[in-house]
Each structure stands twice: as C-alpha cells, then as structure tokens.
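Here is the structure we will look at, set down as structure tokens.
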Amino acid sequence: MDGKNANPTILNASDLPTRRQAQRKKVTSPLTSGLVPAYARDPFVGNKDTDFSNSDESEDDSVREPIDEQEIYDLIATISDPEHPLTLGELAVVNLQHIKVTDDRSAIISNVLVELTPTINHCSLATVIGLGVRVRLEQALPPRFRLDVRIREGTHATGEQVNKQLNDKERVASALENETLMGVVGKMLETCK
Amino acid sequence: MRLQKVTSLPPQAERVWQVAIHPTLPLVATASSDKTVRVISLRTYSSLSTIEGGHKRSIRSVAWKPGLTGESVLCTGSFDATIGIWRRYEHDLDVGNSQEGDEEEEEWRFALVLDGHESEVKSVAWSAGGNFLATCSRDKTVWIWEEIDEDNFETLEVMQEHTQDVKCVTWHPEEVLLASSSYDNTIRLYREGSEDWVCCSLLEGHIATVWTVEFEKPASPGYREEWGSRLASCSDDLSIKVWTRITRSGSAAEAKRAPPSILRGELIEENWIETSTLPRVHTRAIYNVSWSSKSGRIVSCGGDGRIVVYEEISTVDSEVVEGDERKPPKAEWKVVVELEGAHGVFEVNCVQWSKRWDKDAKGESDEVIVSCGDDGVVSVWELANS
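Order-wise, the sequence lines are chains Y and F. Residues in the first sequence are numbered consecutively from 3, following the working numbering. Residues in the second sequence are numbered consecutively from 207, following the working numbering.
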C-alpha cells in the first residue's frame, strides 16, 4: 500500500554482468601507478568509467569513444535503491538486456534508452529512481547522448505518467535545482564507483 | 537554400532557455540557467549588459514590454516561482559600438518582484499594447496582471483551466486574446469577458506536451483576411500544427449567419480548427516555433539539435464547405532548409526571427534567425541561396 516492497527478489552481486573487473586490472597497470608522470599517461585508459566531464570539451570525431550497453549498465547498476540497502543491479531494477545504445559514428547525436523494472508495480519511488539514473548518466556521458529513461511497459501502475515526467526537460532541470530531491539522489549515487 | 551562420556569441555559463527580440530596437535578451539575462546588440553582435541578482534559480523566460520609447522594460520568469520587472533608460543606445563597462552594467534597475505562483514560472508574455502581462507555471495556472501605475501591478485573473503544467503563454498581435499551451497536451485561448477573463477555446490534437504556441502576425504574407487569425504550435509528439479561427462571436460575419446566442458563455466562444501539419523532420521534442512577419516562414528547433525552416505552399483559394460550415482550405507546407547540429551536439531551445540590423542587412525586409541552446551559446543565422 505504501509503495514499499518489503521482500524484493535479490540477485547476487557477483552474478551481475560487468566489465569492471577487467578495467580495474588495467587501472593498476604501471602506467597509472605513479611511477610515470601524469602527462605520459595514455588518455584513453582509466577515464572510461571514472570521469567523462574532462573529455567533454575536446569531444570530436577523432577522439570519440564508442559506448555500449555494458558500459551504461556499469554506470547505473551500482546506484543504491532509495529504500533498500541494495543496488539497482541487485534488485534487477536495472537490467543489461533493457538498455539500448545507438552510438553511430556518422551521426551527431547518440541515444541511450534505459528501461527500468520497479520491484513492485505501484512503487512510489519510481520517479526518484528514474531521476537518479538520469542524473548519473547525464554526469557521466558526453553531451552528444540523448537519454530516454522509461519504466518498462506493464511493470508500473502509473508508468506513462512517470515516463512523461522523467523525459520532460523542464521538469528534470527544475528537479536538479531542488535541494531536497538532489539530497536523496546524491545518497543513491554514493555507491557508484 | 541553406542556413549560414552569421555569428555565435561567447557562451553563457549555463544553458540558454530563451531569446527574446526587442519589438523595435536592435536588441535580444536571453534567459539562462545561470540566473542571468544577457542583453545583446543585433547591430554589432556584442554583449551590452548582464542582468543579475534578481532570481535564486534558473531564469526560464524573458519578454520585452512593447510600446515604450526612451525606456526598456524586461520581464523575467524564474524557476524560483517569481517574476521580475527590470527597467533601463535607452539614451542613444545604438550610437557608439557597445562600450562595455561598469556604468552600462549598472543601468538596468530591478524594479519589482511579482509573487503568487506556487512553483516554477515557465513563460511570461506582454500583450500587444503592453497593458497586460500573462505568466504561467507548473502550478497549472495562468495569471493575468495589469500595470495600473508604474511599478504597481494588479492581478486581474488567475485561471486554472489546464490540468497540468502550463508551458507557454502568448498574446495575439492585435487582439486582446491570450493562448496557453500545456503538459496536458492541449492549447487554450482566453478573452476578457464582461466580468472576468474566460477560456474561449480549447484546441485538442497534439498527443504530447505542447511546448510553444505563436500567432501569425497580420503583416505576414500568408495572412488571409477572410480567415483571419492562425496559430502555430509545436510539441513533444514531434509535430508542428497550424490552427485557424473559423468562427468568432461578435464579428460582423458571425452576427449575420448565426442567431443571437442566449447563453452568456457562448458569446465569447471561438472555434479553431487544425488546418495544417508541417512536414515531420525533428526526431526529438520540438521546443520552439517562430512565425516570420516578413516572409511568412516558420522556423522550429528541438532536442535533436536541428533548426528547420518551412514555407507554405500557396494553394488555390478554395474553402471547404461541410454542411452549413465554411472551412478554410487545408494548407500544405514544405521544408525549405534543415540544419543538423546547429549548436554542435547540444539541444536547441529557442529560435526567433528578427529584422536584420547588422552592416550586411539588405533593406527593411531582410531577416535573420536567432537561436540558443544547452551550450549557453546564442547564434545568428541567415538564409542563403545555395
């Protein structure tokens, strides 16, 4: 009734698909161990899942790095659920097969579609979760990406209303200026690596 | 034809939501998330002043008060739920090529704040004569204000006809007729009744948020006297529609044909129908349309980063008769030019036609398009024959 699922299905964190393991090995290579000065580092190593904002300005076709579904998944699966001490990946709110990336090198604009599966179909926090996913991706992805964050069809009682809000530019921009809401989102993103 | 960039101004710190062209002077004002308004010369394309300090959150909308001489008045609407009124004396503004300096920056005076909306103000608009100010908000209401003395505004009406956020308000260029568009997918029109302001028409047809509505100006070449007013609207449903007024109570033609109505409400009712849907080009939400009074062309922009210009295909003047009702012909439009990536990879939030004022202007009828985007940049474009 209160939109809280007391007993959600939980996936084992070690069973979730990720590319993180492989990348961590790369990050601990001698290149980044501190023996080599920062300017000598390969700029394409290490910035993949850490911080895109630095590369935003220099973005053009020559340095454009393709982004795939797994990468999007790794960015958002580690977001915490606002009401469970678990991540969106563990709760299967975020699923690799429900992410679609169109990142065509010849097009100016790329698209990411993320479909969320709420743990229960009247989850009162669906909008906040969706906003968290949006904020995470907006911060991490280069500006060529257009995001569509939607509730998977048939998984939420008011899915269409939630979708309309989540994809209204003005409402999202305004939500980002709302300190209370951003406090909640900030907590959700604390677990993102 | 192609769209050729005349210039781009250095970016503001954050997204620019809107550009507003001064009704008579070579000026454009911006509304930005960085909480400032920048005033730019359309003669030299240099920034003249930055207005700041009045709003706590993003400035979403800005509008020049028409009908003034010797002074400029700006109205700003902000996500902080307030509306600001700003004043500045215009002494020989065009002389001396925009000497930027502190004195100039000081000249804009914050006159007053209009409170009342419960949440984000989305759009502000002055009526053609400048007598009325309309504002709208996420709180679902449209407010009409009247300036009864200088810096003394009175609320004439608060209308809650929409069921969701009101995204845009705009006035008819000649009549006291207001239009609003909403997140509830509809457009509503309002007139001043004998006692209060009333909704006189409901336009349904879009299937998603209607971001902007704009009336055709009577000076436009496509304006048809016999049918009168038209309205363009753009939406999240990726369509741009043109609506035409077919009946209006009180008009001479109407009085002849229809028997006097008994119901008071009907006296003010207007009937608008959809007469065109423009060719679909945009692939993401269409945020803005502007209807040129010089060429009759429509320009649009949106989340896909495109700027598109359309032209009406002149049709044989034949009206459609359905039963008793005369209907205007369905007009076809074609795409004149389409530009991708107008602001690089960023979304384009607003496009406006303006008279061309710079040194390359070819006469009074020459015009440019002013655009702004999420990159914080304001750009100026000309239509060139390719």
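From the three backbone atoms N, C-alpha and C, an ideal C-beta is built for every residue, glycine too. All of these numbers come straight from a predicted model, not from anything done at the bench.
Item, Value
"Between MET184 (chain Y) and chain F, is any beta-carbon pair separated by less than 8 Å?", "no"
"Kindly list the residues whose CB is nearer than 7 Å to the CB of SER388 (chain F), restricted to its own chain and excluding five residues on each side of it in sequence; keep chain order.", "HIS368, GLN370, ASP371, VAL372, LYS373 and VAL416"
"Taking the alpha carbon of SER499 (chain F) as the reference point, which residue from F:GLU324, F:LEU408, F:GLU570 and F:PHE316 has its own alpha carbon closest?", "F:GLU570"
"Have a look at the DSSP bridge pairing and note the partners of LYS195 (chain Y).", "According to DSSP, LYS195 (chain Y) bridges with nothing at all."
"Would you identify the three-state DSSP class for ASP44 (chain Y), choosing helix, strand or coil?", "Note that ASP44 (chain Y) scores 44 on pLDDT, short of 50, meaning its location in the model is unreliable; the coordinates nonetheless yield the value given after this. Three-state result, ASP44 (chain Y): coil."
"Along the chain, where does the alpha helix (DSSP H) that runs through ILE74 (chain Y) open and close?", "71-78"
"Does the stretch 216-231 of chain F come into contact with the stretch 101-117 of chain Y, if we say contact requires no fewer than three beta-carbon pairs (one atom in each stretch) closer than 8 Å?", "no"
"Starting from the Cα of GLY156 (chain Y), find the closest Cα among Y:GLU117, Y:LEU77, Y:ILE69 and Y:TYR75 and give me that residue.", "Y:GLU117"
"Any idea what DSSP makes of GLY471 (chain F), helix, strand or coil?", "Unreliable positioning characterises GLY471 (chain F) in this predicted model, as indicated by a pLDDT of 45, which lies under 50. The coordinate reading is nonetheless provided below. Note: GLY471 (chain F) maps to helix in three-state DSSP."
"From this set, F:ALA385, F:GLU401, F:GLU313 and F:SER400, which residue's C-alpha is nearest ARG394 (chain F)'s C-alpha?", "F:ALA385"
"What does ARG244 (chain F) touch in chain Y if you count any residue whose Cβ is under 7 Å from its own?", "Those do not exist, as ARG244 (chain F) stays about 19 Å from chain Y at its closest Cβ, beyond 7 Å."
"Residues of the stretch 134-149 of chain Y in Cβ contact with chain F at a cutoff of 8 Å, in chain order, please.", "PRO144, PRO145, ARG146 and ARG148"
"THR415 (chain F) touches chain Y at which residues, Cβ-Cβ below 8 Å?", "LYS166 and ASP170"
"Beta-carbon of ASN56 (chain Y) versus every beta-carbon of chain F: anything under 8 Å?", "With a pLDDT of 41 at ASN56 (chain Y), under the threshold of 50, the predicted position of this residue should be treated as unreliable, and no value is reported."
"Just to make sure I have the definition right: I need the residues of chain Y whose C-beta is within less than 9 Å of the C-beta of LYS536 (chain F). Which are they?", "None at all; the shortest Cβ gap to chain Y is about 30 Å."
"Using the Cβ count rule (16 or more neighbours within 10 Å means buried), how would you classify ASP402 (chain F)?", "exposed"
"Hey, is LEU469 (chain F)'s beta-carbon within less than 8 Å of any beta-carbon in chain Y?", "Here the model assigns LEU469 (chain F) a pLDDT of 44, short of 50, so the residue's position is not dependable and the matter cannot be decided."
"Whole-angstrom Cβ separation of ILE69 (chain Y) and GLY134 (chain Y), contact assumed at under 8 Å?", "So it is not a contact: roughly 19 Å between Cβ atoms."
"When you compare each of F:GLU356, F:TRP292, F:THR341 and F:ASP357 to ILE350 (chain F) by their alpha carbons, which one comes out closest?", "F:THR341"
"Between GLU179 (chain Y) and the rest of its own chain, which residues show a CB-CB distance below 8 Å, the 5 nearest in sequence each way excluded?", "none"
"Provide the residue span of the alpha helix (DSSP H) that contains GLN141 (chain Y), from first to last.", "128-142"
"For a test of the three-state rule: what should DSSP assign to VAL330 (chain F), helix, strand or coil?", "strand"
"Under the assumption that ILE452 (chain F) contacts PRO534 (chain F) (Cβ atoms under 8 Å), give the Cβ distance between them as a whole number of angstroms.", "7 Å"
"Report yes if the C-beta distance between LEU437 (chain F) and VAL419 (chain F) is below 8 Å; otherwise report no.", "yes"
"How long is the line joining the alpha carbons of TRP223 (chain F) and CYS125 (chain Y), rounded to whole angstroms?", "33 Å"
"Using the rule of at least 16 other Cβ atoms within 10 Å of the residue's Cβ for burial, across every protein chain shown, is SER400 (chain F) buried or exposed?", "exposed"
"Report buried or exposed for SER60 (chain Y), applying the criterion of at least 16 other Cβ atoms within 10 angstroms of its Cβ.", "Confidence at SER60 (chain Y) is low in this model, with a pLDDT of 44, below 50, so the placement of that residue should be treated as unreliable; the coordinate-derived value is given next. Under this definition SER60 (chain Y) is an exposed residue."
"Does the beta-carbon distance from LEU318 (chain F) to ASP357 (chain F) come in below 8 Å?", "yes"
"If contact is defined by three or more beta carbon pairs under 8 Å, each pair taking one atom from either stretch, is the stretch 260-270 of chain F in contact with the stretch 280-287 of chain F?", "yes"
"For the stretch 546-563 of chain F, which residues have a beta carbon sitting closer than 9 Å to at least one beta carbon of chain Y?", "GLU546, GLY547, GLY550, VAL551, PHE552, GLU553 and ASN555"
"For LYS7 (chain Y), which residues from the same chain have a beta carbon less than 6 Å from its beta carbon, with the 5 sequence-adjacent residues on both sides left out?", "In the sequence as displayed, the identity of residue 7 (chain Y) is Asn instead of Lys. Hits under 6 Å: THR121 and ILE122."
"Of all the options F:ASP581, F:ILE474, F:VAL487 and F:ASP564, which has the alpha carbon lying nearest to the alpha carbon of VAL574 (chain F)?", "F:ASP564"
"Secondary structure at GLU588 (chain F), three-state DSSP: helix, strand or coil?", "strand"
"For CYS578 (chain F), name the three-state secondary structure that DSSP assigns.", "strand"
"Alpha carbon to alpha carbon, what distance is there between THR242 (chain F) and ILE12 (chain Y)?", "47 Å"
"Between the Cα of TYR295 (chain F) and the Cα atoms of F:ASP240, F:GLU313, F:ILE227 and F:CYS406, which residue gives the shortest distance?", "F:GLU313"
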